[in-house]
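Each protein sequence line maps, in turn, to chains F and R. With my numbering as the guide, the letters of the first sequence map in order to residues 22 to 117. With my numbering as the guide, the letters of the second sequence map in order to residues 340 to 687. Before any comments, here is the structure.
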Amino acid sequence: MSMTIYLNLPSGDILKIDYQNQTIKYSLNQNRKIKLGDLDVEIKMSKARVSHSNCKNQYCVMQGWISHINQSILCVPNLFKMTITQNTDEHDSTNY
Amino acid sequence: MLPRQLFKTFFNLLIICLLLLNSSCTKPNFYEKKFLVYGTILEFKFFETPKNIADEAMENIIAQLNELNSIFHPWQNTVIKKFNNNQIANICDDRQIQIIYRASHYEKVTNGFFNPAIGALIEAWGFHTDEIVEKTPDDALIDKIITSRPSLKQLNLNKGCLEKVNHFLQIDLGGMIKGYALDLAKDEYQKLNIKNVLTNFGGNIYAHGQPENRFWEVAIQDPYDQTQLLAKLKLPPGSAIGTSGNYEKYFMHNGKRYSHLINPTNGSAFSNQSSATVFISPQDEVGVKSDVFSKPFYFSSDLKQTQLDMNFNNFFVTDLNRNIYITESMLEKIEWIFEEGKYFVQGI
């Protein structure tokens with residue numbers, strides 16, 4: 022049920038990362054690998070995931086890709102959270 | 340029907356409605372899809388188009404893009420790569436020749452600022468790869484390439500085949516292929532009688548038709564911060580928009596940003612401009628124009644002169660010091676949405 026609701030949400034265009042008391046935003050319109058300490062984040066085809074982490078349980082890695090608004094991945098040992106959001110302004114598409 | 344049955348039916352309907360409550364439900368007439376084609380994001384937003392026809396159009400467009408890439412991709416094992424590396428001596432396929440001739444036409448129109456013959460320069464700067472690494476090129480090699488003045492004019496047609504005159508000539512259509520793809524999409528929509536769809540290929544956008552009672556509306560990304568927006572613009576039916584920016588493919592070296600947009604006149608990957616955006620009113624080859632027309636303004640050191648040379652007015656440029664230079668006609672069309680004070684806007 023919760024899965025269905027997530028998949029039906031519109032996809033986002035921003036990845037917001039909270040990492041060790043800092044907030045960083047990335048566009049999802051790019052292919053990119055981001056290294057944050059012992060954690061690797063990957064952005065590909067408007068999706069994002071934690072591709073590597075040094076933490077014990079690997080929950081964050083096992084979450085796989087996220088792309089829909091308000092979906093998020095946590096890694097508590099690394100004080101890490103990432104969330105998909107959207108540019109609040111209404112428009113049909115983005116030129117870049 | 341018994342009241343109890345009625346209640347049950349109503350309850351079931353309510354459940355179904357809740358399950359269907361999704362983006363396509365709140366915007367019932369739109370159908371959106373995204374694809375990745377050779378590392379570039381392709382987005383469609385159809386309005387009031389039967390799903391099966393929209394699917395057919397997307398499938399046909401993607402098939403054509405894959406075919407184009409399989410011929411023209413500059414660093415995969417393609418005909419063009421072999422021709423560039425002098426492994427094959429000529430290009431004889433009519434369609435390939437026709438596309439190269441279109442590129443040659445736009446090289447002329449842009450006074451060589453869009454130069455599809457400088458593949459060797461792009462390679463020397465290390466941008467012919469999927470993952471960009473910091474690489475400062477061999478100055479002697481850059482000099483040699485620039486001195487040979489690569490241009491598609493250095494291709495001769497001999498017995499129906501194109502041959503190189505300049506050994507350093509390497510074809511790279513990266514500066515027009517996204518726009519060319521938009522024109523292919525436009526043909527496909529006309530063929531299938533599709534009236535209203537917005538197509539975004541790697542940032543270049545073509546507006547086919549319009550949604551009910553309004554124009555398609557697009558936002559332009561802030562060149563300094565990809566998570567922010569700079570401006571908004573309404574696209575009348577048949578128009579297109581394109582931006583060349585230093586923020587897409589680049590590397591940093593000694594605090595300077597080197598981008599995959601190489602200046603054909605001096606071989607440099609550095610520019611004082613950070614982006615150039617053009618709006619193309621409805622006309623033939625609107626897609627290709629949205630791609631190639633931004634190049635002269637991105638490289639220009641005298642915007643007024645380039646505007647006169649190109650006889651083209653709908654553009655604006657951002658520079659490395661947060662200045663925006665904009666023409667009167669472009670200013671009429673756009674609405675700034677950047678944070679107050681972030682940019683200094685001036686006329687050209």
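The C-beta atom is built at its ideal place from N, Cα and C for all residues, glycine as well. Keep in mind it's a predicted model, so treat the numbers as computed, not measured.
Between residue i and chain F, is there a C-beta pair that is closer than 8 Å?
i: R/Thr-582; result: yes
i: R/Trp-555; result: yes
i: R/Ile-516; result: no
i: R/Glu-382; result: yes
i: R/Thr-388; result: no
i: R/Asn-539; result: yes
i: R/Thr-566; result: yes
i: R/Gln-403; result: no
i: R/Lys-571; result: yes
i: R/Gly-378; result: yes
i: R/Lys-373; result: yes
i: R/Ile-544; result: yes
i: R/Ala-396; result: no
i: R/Ile-559; result: yes
i: R/Lys-672; result: no
Between residue i and chain R, is any beta-carbon pair separated by less than 8 Å?
i: F/Ser-67; result: yes
i: F/Lys-73; result: Correcting the residue type first, residue 73 of chain F is His in the shown sequence and not Lys. Chain R contact via Cβ: absent.
i: F/Ser-93; result: no
i: F/Ile-105; result: no
i: F/Asn-50; result: yes
i: F/Ile-35; result: yes
i: F/Tyr-117; result: yes
i: F/Lys-56; result: no
i: F/Asp-39; result: no
i: F/Asn-108; result: yes
i: F/Asp-61; result: no
i: F/Lys-46; result: yes
Can you tell me which of the options puts its alpha carbon nearest to the alpha carbon of residue i?
i: F/Val-82; options: F/Met-103, F/His-89 and F/Asn-91; result: F/Met-103
i: R/Glu-671; options: R/Ala-570, R/Glu-406, R/Gln-426 and R/Phe-638; result: R/Ala-570
i: R/Glu-624; options: R/Ile-438, R/Asn-424 and R/Ser-613; result: R/Ile-438
i: R/Gln-646; options: R/Gln-435, R/Met-669 and R/Asn-662; result: R/Met-669
i: F/Asn-118; options: F/Leu-95, F/Asn-52 and F/Pro-31; result: The structure shown does not extend to residue 118 of chain F, since chain F spans only 22 to 117, so no value can be given for it.
i: R/Gln-529; options: R/Asn-497, R/Ser-610, R/Ala-579 and R/Gly-548; result: R/Gly-548
i: R/Ala-459; options: R/Asp-433, R/Tyr-445, R/Asp-477 and R/Leu-404; result: R/Asp-477
i: R/Ala-393; options: R/Ser-409, R/Phe-618 and R/Phe-369; result: R/Phe-369
i: R/Asn-423; options: R/Phe-386, R/Leu-512 and R/Asp-433; result: R/Leu-512
i: F/Phe-101; options: F/Gly-33, F/Ser-32 and F/Asn-42; result: F/Asn-42
i: R/Thr-604; options: R/Thr-486, R/Val-627, R/Gly-581 and R/Gln-685; result: R/Thr-486
i: F/Ser-114; options: R/Arg-434, R/Trp-555, R/Leu-404 and R/Cys-500; result: R/Trp-555
Apply the 10 Å Cβ neighbour rule to residue i and answer buried if 16 or more other Cβ atoms are within range, or exposed otherwise.
i: F/Thr-44; result: exposed
i: R/Ala-546; result: buried
i: R/Phe-683; result: exposed
i: R/Asn-602; result: buried
i: R/Ile-461; result: buried
i: R/Ala-396; result: buried
i: R/Tyr-440; result: exposed
i: R/Ala-479; result: exposed
i: R/Ala-402; result: exposed
i: R/Leu-375; result: exposed
i: R/Thr-468; result: exposed
i: R/Asp-526; result: exposed
i: R/Thr-449; result: buried
i: R/Asp-482; result: exposed
i: R/Pro-389; result: exposed
i: R/Pro-635; result: buried
i: R/Ile-427; result: exposed
Our contact map puts residue i next to residue j with C-beta atoms below 8 Å; I'd like the distance itself, whole angstroms only.
i: R/Glu-371; j: R/Lys-384; result: 5 Å
i: F/Leu-36; j: F/Leu-49; result: 6 Å
i: R/Pro-550; j: R/Asn-535; result: 6 Å
i: R/Gly-514; j: F/Tyr-117; result: No, R/Gly-514 and F/Tyr-117 are not in contact; Cβ-Cβ is about 16 Å, not under 8 Å.
i: R/Ala-456; j: R/Pro-489; result: 4 Å
i: F/Asn-52; j: F/Lys-65; result: 5 Å
Grab me the residues of residue i's own chain with a C-beta within less than 7 Å of its C-beta, minus the 5 sequence neighbours each way, in chain order.
i: R/Phe-540; result: Thr-379, Leu-381, Lys-517, Ala-520 and Leu-521
i: F/Asn-99; result: Gly-58, Asp-59, Leu-60, Ser-74 and Cys-76
Excluding the 5 residues flanking residue i on each side, which residues of the same chain have their C-beta closer than 8 Å to its C-beta?
i: R/Cys-364; result: In this predicted model, R/Cys-364 has a pLDDT of only 40, less than 50, meaning its place in the structure is not dependable; the value taken from the coordinates is given anyway. Hits under 8 Å: none found.
i: F/Gln-84; result: Arg-70, Val-71 and Ile-94
i: F/Asn-108; result: Asp-34, Ile-35 and Thr-115
Counting only the same chain and skipping the five closest in sequence on each side, list residues whose C-beta sits under 6 Å from that of residue i.
i: F/Glu-63; result: Lys-54, Arg-70 and Ser-72
i: R/Glu-473; result: Phe-590 and His-592
i: R/Asp-641; result: none
i: R/Glu-502; result: Asn-429 and Asn-495
i: R/His-599; result: Phe-466 and Lys-588
i: R/Ile-419; result: Phe-411 and Ile-510
i: R/Glu-406; result: none
i: R/Ala-524; result: Ile-400 and Thr-538
i: R/Trp-675; result: Ala-570
i: R/Ser-613; result: Pro-562, Asn-585, Thr-657 and Leu-659
i: R/Cys-500; result: Asn-429 and Cys-431
I want to check one thing, is the minimum distance from the CB of residue i to the heavy atoms of the ligand SAM below 7 Å?
i: F/Asn-52; result: With respect to the ligand SAM, the structure offers nothing, as it holds no ligand at all.
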